[in-house]
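This report refers to the structure that appears directly beneath it.
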Ligand SMILES: Nc1nc2c(ncn2[C@@H]2O[C@H](COP(=O)(O)OP(=O)(O)OP(=O)(O)O)[C@@H](O)[C@H]2O)c(=O)[nH]1
Ligand SMILES: [Mg+2]
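Residue numbers (the numbering used here): 254 to 864.
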């Protein structure tokens with residue numbers, strides 16, 4: 254066997270964890286303490302969360318690269334998202350690195366996504382450094398959490414080397430790392446030393462020619478399409494002629510126009526890049542994530558990056574409501590198709606399917622929150638569209654219908670367990686484990702269909718008065734567990750176009766919860782509220798009070814209406830039933846029936862009844 258060549262000048266690491274365990278905040282501290290910024294320079298918090306939606310929602314959505322220098326060694330760092338719906342980003346990030354820093358919250362301990370990310374890391378045979386983070390929390394229990402992490406490694410089948418993981422304690426927010434929770438520390442130097450000593454050095458095969466696995470794509474107005482990934486073997490120089498090998502093993506020639514590497518938060522031009530480095534290459538038009546860039550003389554595709562299959566499908570269509578074209582600038586199905594296709598190039602866990610109807614597209618992904626983020630991005634770009642309720646993807650095997658199942662972890666006060674268990678059992682959930690810590694809180698585990706969780710999170714927070722924690726992990730496909738009602742209420746539907754009036758809305762209030770306020774435009778087939786009873790109620794929302802000589806119309810203003818909570822995308826897509834859609838524009842979120850005409854809906858129902 255060949256002697257492997259080591260590149261001692263580089264380490265490639267990913268920061269992985271369950272959502273909110275402090276990854277992006279720790280990267281801030283690593284950047285600051287590696288003297289990336291001028292002394293006194295104002296730097297915003299969670300600097301790697303650079304997308305508007307990441308900053309607004311306080312979570313990481315896409316994995317991103319940066320680098321620091323430690324004792325002359327370059328550390329490429331990839332900050333990854335912790336939300337389960339963005340798990341594909343973690344898998345993509347792990348394809349570029351040799352090791353991962355696994356953060357675990359010192360109070361919460363390992364949670365479902367900790368398990369997912371660690372499992373992927375172990376499967377990839379990568380090095381792991383465990384950091385028990387946030388030990389400043391009043392409810393921190395670092396010793397117990399370390400035991401739980403150890404149990405998790407064993408449970409995931411880690412080998413003896415992996416079980417011997419280095420473990421540190423940290424307060425990422427203050428930039429402190431220590432060997433034991435009681436130690437005093439003033440900085441992250443212990444973490445930096447551990448990275449240098451324990452994270453595997455990138456290795457390559459000196460007999461192999463240049464090979465780069467494309468793990469991400471970018472675009473620059475100046476350089477065009479950018480292929481981002483790790484050089485696994487050999488070296489390349491600016492202006493080299495190479496080939497790109499696609500999934501059908503076809504080679505397309507390319508000439509490198511620029512090579513760049515990560516330098517802090519920016520990119521830096523490089524003349525030569527060597528095995529072990531993570532690079533940004535331009536000079537290529539047609540490239541996909543998973544392709545290999547290599548030499549024309551010995552084209553050899555690397556193992557393609559594979560990520561988990563999508564479990565959710567959502568219908569995206571053009572906006573056909575009577576109000577279309579008033580608030581957005583991009584309305585055509587061709588534009589929608591092109592934009593969704595572009596998303597699949599960047600986002601490894603999203604797939605696009607055309608449907609028989611040329612104005613309708615099926616987008617497949619990992620969860621309803623991922624869909625919400627995609628829809629939100631589109632409306633900000635000026636799109637108008639309508640979307641259906643996310644549906645889970647069923648499978649058929651040997652004549653049996655199978656559905657995706659999740660392990661659901663509930664942590665709540667004992668008093669709320671009754672209502673939570675009742676709601677989950679209606680949704681075909683089964684209690685599999687229950688631990689009562691004797692201090693008034695319980696941890697319960699359920700096995701439950703993925704479809705049951707669409708829209709459940711909001712209800713759970715209401716039922717536990719905002720104090721419950723809910724986490725889930727995809728467990729695999731199991732036999733279909735049967736139907737259950739999506740909701741026990743109907744829709745209040747406008748029967749004509751116009752403007753909603755106070756008078757009409759005031760008289761509709763006793764019938765349910767309204768979504769519109771006086772002056773809002775309405776149209777036939779638009780859902781303006783949730784009906785208390787499980788039937789559709791068609792109403793005239795534009796009704797004016799009959800004027801008499803004695804009274805003026807303006808009197809209606811004195812009617813006091815209950816406040817209407819604004820409809821969020823999350824709420825809207827989980828509220829609608831299969832025969833309903835959400836209309837999304839840059840300014841509004843409206844709900845509607847698929848079939849706008851009340852007469853036609855009535856006819857269809859009558860036919861279904863006869864059939
Ligand atoms: N007490 C305490 N809180 C922290 C610490 N580090 C981060 N936090 C807080 O934890 C929250 C989440 O921090 P992030 O850095 O965004 O967590 P993340 O792991 O990047 O989250 P995702 O990327 O969305 O998965 C923020 O409110 C931070 O202020 C810490 O050391 N101690
Ligand atoms: Mg983050």
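The beta carbon of each residue, even a glycine, is placed where N, CA and C say it ideally should be. Since the model is a prediction, treat every value here as computed from it, not as a measurement.
Would you kindly report the start and end of the unbroken alpha helix (DSSP H) that includes residue i?
i           : result
residue 678 : 670-679
residue 623 : 621-633
residue 713 : 709-716
residue 280 : 276-286
residue 369 : 365-376
residue 314 : Segment: none, residue 314 is in no alpha helix (DSSP H) and carries neither H nor E.
residue 310 : 305-310
Can you list, in chain order, the residues of its chain whose CB lies under 7 angstroms from that of residue i, leaving out five sequence neighbours each side?
i           : result
residue 390 : 359 and 360
residue 498 : 504, 544, 545, 547, 552 and 554
residue 576 : 774 and 776
residue 581 : 635, 636, 637, 838 and 839
residue 521 : 513 and 514
residue 808 : Because the pLDDT at residue 808 is just 45, under 50, the model does not fix this residue reliably, and the point stays unresolved.
residue 476 : 510, 511 and 535
Find out if the Cβ-Cβ distance for the pair residue i, residue j is shorter than 8 angstroms.
i           : j           : result
residue 928 : residue 844 : The question about residue 928 has no answer, for the chain in this structure spans 254 to 864.
residue 627 : residue 616 : yes
residue 698 : residue 686 : yes
residue 666 : residue 633 : no
residue 825 : residue 779 : no
residue 322 : residue 265 : no
residue 749 : residue 793 : yes
residue 741 : residue 817 : no
residue 645 : residue 608 : no
residue 280 : residue 328 : no
residue 677 : residue 730 : no
residue 431 : residue 442 : no
residue 596 : residue 641 : no
residue 508 : residue 494 : yes
Once DSSP output is grouped into helix, strand and coil, what is the label at residue i?
i           : result
residue 291 : coil
residue 795 : coil
residue 336 : coil
residue 727 : strand
residue 606 : strand
residue 858 : helix
residue 864 : coil
residue 615 : strand
residue 644 : strand
residue 664 : strand
residue 807 : Residue confidence is low: residue 807 scores 42 on pLDDT, short of 50, so the model does not pin down where it sits. Its coordinate-derived value is still stated next. Helix.
residue 849 : coil
residue 380 : strand
residue 760 : helix
residue 259 : strand
residue 360 : coil
For residue i, which residues of its own chain have a beta-carbon under 8 angstroms away from its beta-carbon, when the five flanking residues on both sides are left out?
i           : result
residue 365 : 271, 337, 660, 662, 724, 725 and 726
residue 524 : 490, 491 and 512
residue 598 : 470, 541 and 542
residue 857 : 848
Terminal residues of the continuous beta strand (DSSP E) containing residue i?
i           : result
residue 432 : Element bounds for residue 432: n/a, residue is neither H nor E.
residue 594 : Element bounds for residue 594: not the beta strand (DSSP E) but the alpha helix (DSSP H), 586-599.
residue 825 : Counting along the chain, residue 825 falls outside any beta strand (DSSP E), though it belongs to the alpha helix (DSSP H) covering 822-828.
residue 545 : 545-547
residue 531 : 531-535
residue 702 : 694-702
Less than 6 angstroms between C-beta atoms, sequence neighbours within five positions excluded: which residues of the same chain meet that for residue i?
i           : result
residue 277 : 299, 301, 302, 313 and 332
residue 623 : 338
residue 783 : 742, 765 and 766
residue 406 : 416
residue 453 : 351, 352 and 380
residue 290 : 296
residue 482 : 465, 466, 467 and 468
residue 603 : 596, 597 and 618
residue 570 : 612, 613 and 639
Can you find a C-beta in chain B that's less than 8 angstroms from the C-beta of residue i?
i           : result
residue 789 : Structure shown: chain B not included; a single protein chain is present.
Discussion item. Give the list of continuous beta strand (DSSP E) stretches no shorter than 3 residues that lie fully inside the segment 474-529.
Written reply: With a minimum length of 3 residues, the continuous beta strand (DSSP E) runs that stay inside the segment 474-529 are 477-486, 488-490, 494-498, 504-508, 511-516, 519-522 and 525-527.
Item to complete: Let me know the alpha helix (DSSP H) ranges lying completely inside the segment 387-467, each 4 residues or longer, listed in chain order.
Response: If only uninterrupted alpha helix (DSSP H) runs of at least 4 residues are considered, those enclosed by the segment 387-467 are 395-408, 413-416 and 442-451.
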